[in-house]
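Participant: Can you read through this structure? Questions will come right after.
Residue numbers (the working numbering): 2 to 688.
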């Protein structure tokens with residue numbers, strides 16, 4: 002299970018709780034995590050603002066509490082909160098008034114796509130402002146530390162702007178024989194150069210004035226204040242001083258040979274295990290490539306390379322031999338690269354390749370060659386021989402993604418996609434276009450989905466749901482996969498395609514039929530089992546679904562309470578009428594119903610008056626750092642108490658450690674599931 006995305010803290014100002022709940026459900030249905038609160042008067046507004054600062058405040062223009070009053074309350078204390086006016090329809094006067102009264106944006110409750118887009122944009126804008134403030138604070142702290150380090154450094158360091166000294170540390174003053182920086186402030190650095198080196202240094206200063214880059218190092222003779230000269234090496238690095246570009250100059254006396262200095266620099270930039278460049282050097286080179294975007298004549302790419310099933314490899318060779326394996330992998334990687342390619346070790350078992358001078362086709366060919374070479378290689382580790390395939394994910398470095406973190410994320414996503422397709426393959430993306438290959442992939446997925454529906458050939462896995470209080474029998478959640486040529490395909494990849502083409506109801510029926518068949522086999526073997534099956538919102542519109550489920554249960558001679566259907570709370574809220582009818586039908590069959598992501602709504606327990614759920618699965622956001630978050634612990638304790646009073650069973654997902662298990666037990670949670678209980682999902686059936 003992956004860590005949940007950051008939830009948006011919303012405060013909805015509206016006279017109607019139902020309308021406010023509908024807005025938050027629209028966001029959850031768009032896969033946006035929200036923590037919503039509701040206020041309908043000034044007292045409630047102040048209470049919520051004092052309890053927790055929201056990220057965004059959504060104000061209905063029809064609310065009795067005016068937008069101007071909300072803006073004034075939100076602005077107290079200088080808090081940065083996004084304020085969005087919610088309108089029923091486009092109206093120039095209302096839009097003008099909303100912006101005048103302090104709204105940063107306007108969203109329409111009747112246009113879901115526009116509403117969701119505005120919320121995303123305003124939250125992204127808020128995070129950007131927060132990031133800028135953090136960066137500014139970090140910059141001030143870094144400048145303070147740099148000043149302290151500069152002054153305490155034993156290396157003579159100066160900053161030069163247009164050839165003139167603007168800053169120098171004590172070591173620099175001492176080596177030239179000055180006692181105070183005022184003696185050289187504004188003095189040309191050329192005055193520090195001995196006559197025999199003056200001509201070459203004058204040419205360097207002239208090139209700098211034209212915007213040309215200096216050499217990283219320059220052998221030169223310099224002159225002290227008393228006229229003495231000595232040989233030194235000047236190292237140049239681009240910098241800034243008080244907002245103006247300048248050069249940082251580090252002076253080193255030639256006490257070692259140039260060859261030895263090069264060797265020392267090489268050692269500083271290398272990873273000792275793999276002899277590739279280290280992470281710091283690789284990221285620095287990535288920044289340089291990004292800075293060269295637009296001026297580079299050829300394409301540039303970042304490739305990420307990871308061995309498939311690395312944990313299994315370690316289980317085979319032993320963790321003590323991990324460095325030997327990584328070293329051999331690095332050698333194989335290096336042998337298949339050109340001199341223009343730069344490889345580094347980015348993390349524990351992830352390599353990065355910075356590709357220059359290749360177009361997209363030759364970069365894809367390189368990635369495929371790497372996959373083939375690794376697949377063919379047998380690694381001799383100790384007295385064992387092991388094979389190890391790799392997956393490669395890559396991204397073009399262009400003007401539209403000229404940011405190191407963005408490029409790393411895009412390449413990482415491509416790597417994950419290659420791994421989810423079964424590994425031993427490459428995925429190279431151009432983030433600026435959706436190329437023909439992506440279109441072909443979509444068509445291939447749609448073809449596979451239709452074939453799996455026709456042949457009933459989906460793969461089903463299950464994850465254990467463990468009772469903390471000794472409930473009878475075994476409990477599992479059924480998880481769906483689509484078969485691929487090189488392994489099963491994640492639902493994240495194919496379910497959006499199925500939904501776009503209206504195929505989710507057919508997939509649901511296939512999964513339900515397979516689950517009931519599995520239940521029949523387990524019951525016949527004497528294993529009392531309960532399976533949780535996810536249901537899509539599209540299936541709620543199928544009036545014959547309950548009758549069909551009834552017939553499937555009868556044919557397999559399976560008890561109804563062995564089957565529990567589950568849907569997210571936000572989906573149920575937006576399909577309340579059909580969901581209520583469906584759940585009422587399930588009750589006649591004695592089947593259970595579970596509400597997922599429960600507790601994320603404004604008043605989640607109100608929903609139980611309309612939908613009689615048997616199980617409540619606590620929203621995953623409350624599991625993040627549970628052992629450290631007292632607020633989350635208190636919420637789960639109150640949640641379980643309220644659920645048990647209503648006669649409901651509770652389930653906590655995303656359980657990752659033993660400490661969380663103990664806390665959940667003490668809070669009264671009935672069932673738990675997560676990687677701590679089952680690291681790998683076990684195949685139950687092949688339909």
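Positions of the beta carbon are idealized from the N, C-alpha and C atoms, including for glycine.
Would you decide whether residue 425 is buried or exposed? Buried here means 16 or more other CB atoms lie within 10 Å of its CB.
Facilitator: Stepping through the chain shown from its first residue, residue 425 is reached at position 424. Result: buried.
Participant: So what's residue 339 in DSSP terms, helix, strand or just coil?
Facilitator: In the chain shown, counting from the first residue as 1, residue 339 sits at position 338. Residue 339: coil per DSSP, three-state reduction.
Participant: So within the region 600-665, which uninterrupted alpha helix (DSSP H) runs reach at least 4 residues, ignoring any that extend past its ends?
Facilitator: Counting only runs of 4 or more, we get 631-646.
Participant: Residue 210: which of 482, 358, 247, 129 sits nearest, CA to CA?
Facilitator: Working through the chain shown from its first residue, we reach residue 210 at position 209. Here the closest residue by C-alpha is 247.
Participant: Over the uninterrupted alpha helix (DSSP H) stretch that includes residue 173, give me the two end residues.
Facilitator: Against the chain shown, residue 173 aligns to sequence position 172. 171-177 is the extent of the alpha helix (DSSP H) around residue 173.
Participant: Identify whether residue 382 lies in helix, strand or coil by the three-state DSSP scheme.
Facilitator: What you label residue 382 is simply residue 381 of the chain shown in a count that begins at 1. Correct three-state label for residue 382: strand.
Participant: Taking all protein chains shown into account, do 16 or more other C-beta atoms lie within 10 angstroms of the C-beta of residue 136, making it buried, or fewer, making it exposed?
Facilitator: Numbered from its first residue, the chain shown carries residue 136 at position 135. Burial call: exposed.
Participant: Please state whether the Cβ-Cβ distance between residue 476 and residue 531 is less than 7 Å.
Facilitator: As a first step, residue 476 is located in the chain shown; it is residue number 475 there, counting from the start. As a first step, residue 531 is located in the chain shown; it is residue number 530 there, counting from the start. Yes; because the gap between Cβ atoms is below 7 Å, this pair is in contact.
Participant: Kindly identify the DSSP beta-bridge partner or partners of residue 737.
Facilitator: Coverage of the chain is limited to positions 2 through 688, which leaves residue 737 absent and any answer about it impossible.
Participant: Quick check on residue 38: does DSSP put it in helix, strand or coil?
Facilitator: Walking along the chain shown from the start, residue 38 turns up at place 37. Looking at residue 38 - three-state DSSP - the assignment turns out to be strand.
Participant: Within 10 Å of its beta-carbon, does residue 345 have 16 or more other beta-carbons around it, so buried, or fewer, so exposed?
Facilitator: Reading the chain shown from its first residue, position 344 is the one you call residue 345. When all chains shown are included, residue 345 counts as buried.
Participant: Nearest to residue 32 by CA position, among 93, 88, 15, 113, is which residue?
Facilitator: If you number the chain shown from 1, residue 32 lands on position 31. The shortest C-alpha separation from residue 32 is found at 113.
Participant: Quick one: grab the DSSP three-state call for residue 214.
Facilitator: Within the chain shown, residue 214 is the residue found at index 213, counting from 1. Residue 214 falls in the coil class under three-state DSSP.
Participant: At what residue ranges does the region 401-482 contain a whole run of the alpha helix (DSSP H), taking only runs of 4 or more?
Facilitator: Within the region 401-482, the complete alpha helix (DSSP H) runs of at least 4 residues are 405-421, 437-456.
Participant: Determine the closest residue to residue 535 out of 429, 529, 11, 569, with distance taken between C-alpha atoms.
Facilitator: Within the chain shown, the letter at position 534 stands for residue 535. The shortest Cα separation from residue 535 among 429, 529, 11, 569 belongs to 569.
Participant: Which residues in the same chain have their Cβ closer than 6 Å to the Cβ of residue 83, if we skip the five residues on either side of it in sequence?
Facilitator: Along the chain shown, read from residue 1 onward, the residue named residue 83 stands at position 82. The answer, listed in chain order, is 57, 105, 123, 127.
Participant: For residue 672, which residues in the same chain have their Cβ closer than 6 Å to its Cβ, ignoring the five residues on either side in sequence?
Facilitator: Numbered from its first residue, the chain shown carries residue 672 at position 671. Hits under 6 Å: 466, 468, 652.
Participant: Could you check whether the region 449-464 touches the region 656-666, counting it as contact only if at least three pairs of C-beta atoms, one from each stretch, sit closer than 8 Å?
Facilitator: No contact exists between the region 449-464 and the region 656-666.
Participant: Shortest alpha-carbon distance to residue 54 belongs to which of 150, 567, 74?
Facilitator: Here residue 54 refers to the residue found at position 53 when the chain shown is read from its first residue. Closest by alpha carbon: 74.
Participant: Determine which residues share a DSSP beta bridge with residue 489 and list them.
Facilitator: The count along the chain shown starts at 1 and reaches residue 489 at position 488. Paired residues: 484.
Participant: What span of residues does the beta strand (DSSP E) with residue 689 cover, start to end?
Facilitator: Nothing about residue 689 can be read from this structure; the chain reaches only from 2 to 688.
Participant: So, for residue 62: in the same chain, excluding its five sequence neighbours on each side, which residues have a beta-carbon less than 7 Å away from its beta-carbon?
Facilitator: In the chain shown, counting from the first residue as 1, residue 62 sits at position 61. Only 68, 86, 87, 88, 95, 99 meet the Cβ criterion.
Participant: Got a sec, what are the start and stop residues for the beta strand (DSSP E) residue 12 sits in?
Facilitator: As a first step, residue 12 is located in the chain shown; it is residue number 11 there, counting from the start. Counting along the chain, the beta strand (DSSP E) containing residue 12 begins and ends at 9-14.
Participant: Do you know how far the Cα of residue 271 is from the Cα of residue 428?
Facilitator: The residue you call residue 428 lines up with position 427 of the chain shown. The residue you call residue 271 lines up with position 270 of the chain shown. Going from the Cα of residue 428 to the Cα of residue 271 covers about 28 Å.
Participant: Would you identify the three-state DSSP class for residue 548, choosing helix, strand or coil?
Facilitator: Start at 1 with the first residue of the chain shown, and residue 548 comes out as number 547. DSSP places residue 548 in helix when its eight states are reduced to three.
Participant: Pull up the distance between the alpha-carbon of residue 618 and that of residue 599, whole angstroms please.
Facilitator: Translated into positions along the chain shown, residue 618 becomes position 617. Translated into positions along the chain shown, residue 599 becomes position 598. If you take the alpha carbons of residue 618 and residue 599, they lie about 6 Å apart.
Participant: Among 484, 29, 269, 245, which one has its Cα closest to the Cα of residue 121?
Facilitator: As a position in the chain shown, residue 121 is number 120, starting the count at 1. Nearest C-alpha to residue 121: 29.
Participant: So the alpha helix (DSSP H) residue 372 belongs to, where does it begin and stop?
Facilitator: The sequence position of residue 372 within the chain shown is 371, counting from 1. Element bounds for residue 372: 361-377.
Participant: Rounded to whole angstroms, how far is the Cβ of residue 540 from the Cβ of residue 504, which I believe are closer than 8 Å?
Facilitator: Counting from 1 along the chain shown, the entry for residue 540 is found at position 539. Counting from 1 along the chain shown, the entry for residue 504 is found at position 503. In fact, because the Cβ distance is near 11 Å, the residues do not count as touching under 8 Å.
Participant: Which runs of the beta strand (DSSP E) at least 3 residues long sit entirely within the region 219-246? Give them in chain order.
Facilitator: Counting only runs of 3 or more, we get 230-242.
Participant: Extract the residue ranges of the alpha helix (DSSP H) inside the region 106-191, only unbroken runs of 4 or more that lie entirely within it.
Facilitator: Within the region 106-191, the complete alpha helix (DSSP H) runs of at least 4 residues are 113-153, 171-177.
Participant: Hey, out of 553, 483, 526, whose CA is closest to residue 513's CA?
Facilitator: Numbered from its first residue, the chain shown carries residue 513 at position 512. It is 553.
Participant: Using the three-state DSSP reduction, which class does residue 497 fall into: helix, strand or coil?
Facilitator: Locating residue 497 in the chain shown gives position 496, where the first residue counts as 1. In this structure, residue 497 counts as helix in the three-state DSSP scheme.
Participant: Thinking residue 412 and residue 305 are a contact (beta carbons under 8 Å), I'd like their distance in whole angstroms, please.
Facilitator: Counted from its first residue, the chain shown places residue 412 at position 411. Counted from its first residue, the chain shown places residue 305 at position 304. 5 Å between Cβ atoms; contact.
Participant: Measuring alpha carbon to alpha carbon, tell me which of 185, 560, 292 ends up nearest residue 521.
Facilitator: Here residue 521 refers to the residue found at position 520 of the chain shown. If we check each option's Cα against that of residue 521, 560 comes out closest.
Participant: Hey, residue 396 and residue 408: beta-carbon distance below 7 Å or not?
Facilitator: Indexing the chain shown from 1 puts residue 396 at position 395. Indexing the chain shown from 1 puts residue 408 at position 407. Their beta carbons are under 7 Å apart, which means residue 396 touches residue 408 by this criterion.
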